[in-house]
Amino acid sequence: DFVRGFVDGKLIGSVMLAKHAVHKLNKGGSMIFTSGINKDRPPVPGGAVVAAVAGSFSYFARALALELAPTRVNIVSPGWVDTEMWDEIVGEAKAGYFEQMGGRIPAGRIARPPDIAPAYLYLMQNEFMTGETVHIDGGQRLV
387 DFVRGFVDGK
397 LIGSVMLAKH
407 AVHKLNKGGS
417 MIFTSGINKD
427 RPPVPGGAVV
437 AAVAGSFSYF
447 ARALALELAP
457 TRVNIVSPGW
467 VDTEMWDEIV
477 GEAKAGYFEQ
487 MGGRIPAGRI
497 ARPPDIAPAY
507 LYLMQNEFMT
517 GETVHIDGGQ
527 RLV
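Start counting the sequence shown at 387; every next residue gets the next number (our numbering).
So, in structure tokens, the structure goes:
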């Protein structure tokens, strides 16, 4: 069932990862979770479960940041990113699909992994950032 698999993989998996990883982190270390744009955009038909899980991440990270302090806990929330996942979803139509999607956002294109990676590095290096969500979406939340 899609719902159970998605909730178990994304939310429960992250909870279990945090539970077991916290004991392995160096003092002053951090955890960074990846959420998604769905909690910050208008709902779409069929997107309730994805939006609910994405929305829960904000509260999860904030609560975890308090519980695990001084370990820092943050989230990166990307918009659409050109990854291999899209090859499976839209196949050979990906280029046209991305051109259409990219034309709808202020950045004018879909992100690539190198556009997102600096957010993770920033959160790992900034010792005063915890319980926050960093949006890297090319302005996608605005439209």
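In this text, a Cβ means the ideal position worked out from N, Cα and C, and glycines have one as well.
Go ahead and label residue 417 buried or exposed: buried means 16 or more other beta carbons lie within 10 angstroms of its beta carbon, across all protein chains shown. As a working note, residue 417 is residue 31 in the sequence shown. Buried.
Kindly indicate which residue of 423, 509, 392, 442 has the alpha-carbon position closest to the one of residue 491. For this step, residue 491 is matched to residue 105 along the sequence shown. The candidate whose alpha carbon is nearest that of residue 491 is 423.
Does DSSP put residue 463 in a helix, a strand or coil? Indexing the sequence shown from 1 puts residue 463 at position 77. Strand.
Does DSSP classify residue 520 as helix, strand or coil? The residue you call residue 520 lines up with position 134 of the sequence shown. Of the three classes helix, strand and coil, the one that applies to residue 520 here is strand, per DSSP.
How many whole angstroms separate the CB atoms of residue 496 and residue 488, which I take to be in contact at a CB cut-off of 8 angstroms? If you number the sequence shown from 1, residue 496 lands on position 110. If you number the sequence shown from 1, residue 488 lands on position 102. Indeed they touch by this definition, with Cβ atoms about 5 angstroms apart.
Determine which residues share a DSSP beta bridge with residue 420 and list them. The residue you call residue 420 lines up with position 34 of the sequence shown. DSSP, once it has assigned bridges, lists 462 as partnering residue 420.
So is residue 389 buried or exposed if we call it buried at 16+ other beta carbons inside 10 Å? In the sequence shown, residue 389 corresponds to position 3, counting from 1. That one is exposed.
Could you give the uninterrupted runs of the beta strand (DSSP E) lying entirely in the region 448–497, keeping only those of 3 residues or more? 458–464
With DSSP as the reference, label residue 387 as helix, strand or coil. Working through the sequence shown from its first residue, we reach residue 387 at position 1. DSSP places residue 387 in coil when its eight states are reduced to three.
Where residue 402 sits in the DSSP three-state scheme: As a position in the sequence shown, residue 402 is number 16, starting the count at 1. It is helical.
Put residue 514 into one of helix, strand or coil per three-state DSSP. Counting from 1 along the sequence shown, the entry for residue 514 is found at position 128. Residue 514 falls in the coil class under three-state DSSP.
To the nearest angstrom, how far is it from the Cα of residue 471 to the Cα of residue 480? As a working mapping, residue 471 is identified with position 85 in the sequence shown. As a working mapping, residue 480 is identified with position 94 in the sequence shown. The alpha-carbon atoms of residue 471 and residue 480 are separated by roughly 11 angstroms.
Are three or more beta carbon pairs between the region 427–442 and the region 499–509 nearer than 8 angstroms? Judged by Cβ distances under 8 angstroms, the region 427–442 makes no contact with the region 499–509, as fewer than three pairs qualify.
Could you name the residues of the same chain whose beta carbon sits closer than 8 angstroms to that of residue 452, not counting the 5 residues immediately before and after it, in chain order? For the purposes of this step, residue 452 is taken as residue 66 along the sequence shown, with counting starting at 1. The residues are 517.
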